[in-house]
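Residue 47 is where the sequence shown starts when you use our numbering, and the numbers rise one by one after that.
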Amino acid sequence: MKNLDIIKGLVLMASALFFGCADGLDEGLDIEPTGAVSETVYWSSERDAVLAVNAIYNELDNTQSVIEFDGITDIGFRSASNVPTFNDVRLGEIDPSNATITGIWERYYRGIRKSNDVLANIDRVEDGDPSTMARLTAEARFLRAYYYMQLSSLWCNAPLILEPLDVNDQRPTNSKEELVNFVIDELDAIINSEALPLSYNNDNLGRVTQGAALATKARIAIRNNRFEEARDASLAVMDLGIYSLYPDYEELFQSAGQNSSEIIFDRQYAVGGSTYNNFGYSAASIGGNSTVEPMMGLFEKYEYIGPENPDDPYENKDPRWAYNVYYTGQPIGANTYNSWPTSATPDRVSGSEWATLYGYNLKKWVDYETFVENPSLGDVNMILIRYADVLLMYAESKIELNEIDASVYDAINQIRQRPTVEMPAITEGKSQAELREIVRDERVKELAFEGLRLFDLNRWQLGEEKVGLLQGMFYINESSGEWEILDYGQVAKFNPDRDYCWPVPQKEMDINDVITQNPGYTN
47 MKNLDIIKGL VLMASALFFG CADGLDEGLD IEPTGAVSET VYWSSERDAV
97 LAVNAIYNEL DNTQSVIEFD GITDIGFRSA SNVPTFNDVR LGEIDPSNAT
147 ITGIWERYYR GIRKSNDVLA NIDRVEDGDP STMARLTAEA RFLRAYYYMQ
197 LSSLWCNAPL ILEPLDVNDQ RPTNSKEELV NFVIDELDAI INSEALPLSY
247 NNDNLGRVTQ GAALATKARI AIRNNRFEEA RDASLAVMDL GIYSLYPDYE
297 ELFQSAGQNS SEIIFDRQYA VGGSTYNNFG YSAASIGGNS TVEPMMGLFE
347 KYEYIGPENP DDPYENKDPR WAYNVYYTGQ PIGANTYNSW PTSATPDRVS
397 GSEWATLYGY NLKKWVDYET FVENPSLGDV NMILIRYADV LLMYAESKIE
447 LNEIDASVYD AINQIRQRPT VEMPAITEGK SQAELREIVR DERVKELAFE
497 GLRLFDLNRW QLGEEKVGLL QGMFYINESS GEWEILDYGQ VAKFNPDRDY
547 CWPVPQKEMD INDVITQNPG YTN
C-alpha cells in the first residue's frame, strides 16, 4: 500500500500554507502581512508539523535523478533536445547555464529551505506527542543531510545553510569536506537519538527509518573514501536483520516488488498523488520517448555464462542484461522488439523523434502489464537505497581496507546468486586488486539505471571511462551480413580538471556576490 501523506496531496497543502509567502501565494487578499502566515496559522498542532515535514519529501530524487543520471555515464545516453539538458553533460559540454543542472540545484535547496523552516519552528508545537515530534525532527534533519550529500557529491562545494534566510541574505561557498563532515555528524546524531523507527505501518510507508539513516551514512562515507565508517554503517544495516534480497530481480522494479524487504528508502508515488508515465523513458512501440538509452558500455559489463555464440551475441548473457534492456528479439508488450535499421516497427533506429537513436531501450522500471491501459498512472516507486547496494558497499569497504574474508565473498555472491539471476559464485582466493574490479563491475550490473553510476565513476576518479565514440546496439548489417556495432561518429569528452564537479548555476552566480564558481567554468 502507498498511503504516505506526501503522495496524497498533503504536500501541496503544506507547501501552499506553510511556504506560500516565499512562492508568491501571498498575492490576493492581504489579510496578513507578508510572512505572517507561518506565524499565526502554523505550528499550533502536531498535524501542522506532519504537513510541513511531508513537504520536504517532495524534493527527493525523482525519475530524472534516478533514471537519467545513468544516461550521462559510460553505460547510457540521454537524448538531445532544443534546450541544454543532460545530453550536454553526456558529451562533456556542461556549462553554468545548463537548465537541467540548475533545476536540480534549486530542488535540493528548496528541500533544505523547507527543512530549516521546520527545524526553526517545530518547537512551537505545544500539544504534540513527544516521540512523534522527536521523530519528525529527525526526519527533517535526515532529509536536509540527504540533500547536502547530493550537493557535495555533484557540485563538491556549495553553501551550507542551517537556518531560514532573509531574502537578501547571501552565503559563501563551503568546501566539500565541510559538507561531508556536516552530513556524517548529522546522521550520527540522528542514529544515536534512536528517534527513527525500524519500520512503519502502511499509513506511513516511505518515511525515513533507522536503516535509511545508517545506509545513507554508508553511502556518503564510501563516496569520500571513509571506508571504516562505510564498513561499520553497512554492517549495522545488515545486523538489523530486517532487510533481504527480493527473489525476483525484474519484479523488484515493478509494482509487484514495491515496499519489499529489499527497499530501505525510496521516492514514493501513488495514483491520486504523484504519478509519471511508466513507459516514458522507454520504447516508442509502447508509447515511450526513448529518452534514456542503454549503450554498448553496459552490454560489455555483463558476463557470458555459457559459450559466446558468434551468431547471437545476446545468448548466454547474465540475466540482468535482459531484465534491464530491450534489445531486438525480446518480447515487448504483445509484440517483439526490433530496432534494427530494417525494422518495420516504431522502434526502428531513428525511425521517428520518439524512436531509439542507438538501438537499445530501457526495460528496467517498465511494468507493461500493470500500466498498459494508462501508462500515465505510473506509480512504481523510485528506489533510492536498497539492500543489494548495502551489501556491495560493505564488500567494497572491506576490500579497500584489505580486510578480505568470507563475508566479502558472501556479500557479493548473495547478489549474484539471487533467484532469477543465479550467476556463478565468485570463488575465494582473489587478490585485493581482482576483488576491487569484481565489486566495481558488480555494481554496474546490479544497479544499472538506478542513478548511482555517475557517483561511482566520480569517487573512483574514472570519469574518463565515458570518453570516446558513443556505441549502441549489435545488429546485422544487411549489406555485409556481419554483426556490427551501431555508431554515428559522435564522441564524448571529459575534462578531469573540471568535470568531477558540476558548475554552480549561473542564476546563482548572478544573485550571490559571495559564492565561488567551481574551477574550470567561466561565468
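Backbone N, C-alpha and C fix where the C-beta goes; we use that ideal spot for every residue, glycine too.
Cα-Cα separation, residue i to residue j
i      : j      : result
Pro340 : Tyr88  : 47 Å
Met519 : Asn220 : 43 Å
Tyr521 : Gly117 : 21 Å
Gln563 : Leu197 : 14 Å
Thr538 : Glu449 : The amino acid at residue 538 is misidentified as Thr; the sequence shows Ala. Distance between the alpha carbons of Ala538 and Glu449: 37 Å.
Asn558 : Ile378 : 50 Å
Pro565 : Gln507 : 17 Å
Phe345 : Trp367 : 7 Å
Asp249 : Glu92  : 16 Å
Gly397 : Ser385 : 9 Å
Glu528 : Pro470 : 31 Å
Gln29  : Asp141 : Nothing can be reported for residue 29, as the shown portion of the chain is limited to 47 through 569.
Cys202 : Leu244 : 31 Å
Leu106 : Tyr327 : 19 Å
Val317 : Gln478 : 48 Å
Val395 : Glu492 : 27 Å
Pro542 : Glu511 : 11 Å
Leu516 : Arg464 : 32 Å
Ile113 : Asn104 : 17 Å
Glu442 : Ala267 : 12 Å
Tyr350 : Asn133 : 31 Å
DSSP three-state assignment for residue i, whether helix, strand or coil
i      : result
Asp163 : helix
Ile237 : helix
Asn214 : coil
Ala380 : coil
Trp548 : coil
Leu200 : helix
Trp411 : coil
Met519 : coil
Trp529 : strand
Asp134 : helix
Asp502 : helix
Arg272 : coil
Phe23  : Summary: the structure shown does not reach residue 23, with the chain confined to residues 47 through 569, and so no result is reported for it.
Lys476 : coil
Gly566 : coil
Leu430 : strand
Ile140 : coil
Glu224 : helix
Asp543 : coil
Gln460 : helix
Asn558 : coil
Beta-carbon proximity of residue i to residue j, cut-off 9 Å
i      : j      : result
Asn335 : Leu251 : no
Ser239 : Ala279 : no
Asn162 : Arg190 : yes
Arg482 : Val490 : no
Asn381 : Thr388 : no
Val283 : Val436 : yes
Pro421 : Phe325 : yes
Gly257 : Ile236 : no
Phe43  : Val513 : In the structure as shown, the chain starts at 47 and stops at 569, and residue 43 therefore has no counterpart that could be examined.
Pro365 : Glu468 : yes
Leu503 : Asp120 : yes
Val164 : Met195 : no
Ala261 : Ile310 : yes
Val560 : Arg217 : yes
Tyr295 : Tyr369 : yes
Val371 : Asn407 : yes
Gly138 : Asp545 : yes
Asn355 : Arg505 : no
Lys347 : Asp487 : yes
Cys150 : Leu200 : In the sequence on display, residue 150 carries Ile and not Cys. Yes, Cβ-Cβ distance for Ile150 and Leu200 is below 9 Å.
Phe188 : Gly497 : no
Ile445 : Val454 : yes
Ala241 : Ser290 : no
Thr19  : Pro551 : Examination of residue 19 is not possible in this model, given that the chain is present from 47 through 569 alone.
Inter-residue CB distance, residue i and residue j (contact presumed, cutoff 8 Å)
i      : j      : result
Leu281 : Tyr440 : 6 Å
Arg313 : Asn459 : With 8 Å as the limit, Arg313 and Asn459 do not qualify as a contact, their Cβ atoms being about 30 Å apart.
Ala330 : Trp400 : 4 Å
Asp572 : Tyr383 : The question about residue 572 has no answer, for the chain in this structure spans 47 to 569.
Thr337 : Ser111 : The Cβ separation is near 14 Å, so there is no contact.
Ile102 : Ala184 : Ile102 to Ala184, Cβ: 12 Å. No contact.
Leu182 : Val99  : 5 Å
Within-9 Å CB hit, residue i to chain D
i      : result
Gly375 : Absent from the structure: chain D. Only one protein chain is present.
Task: Touch test, the segment 294-302 against the segment 412-429, Cβ-Cβ under 8 Å, three pairs minimum - done: yes
Task: Stretch-stretch touch, CB-based, cutoff 8 Å, three pairs: the segment 170-177 with the segment 525-536 - done: no
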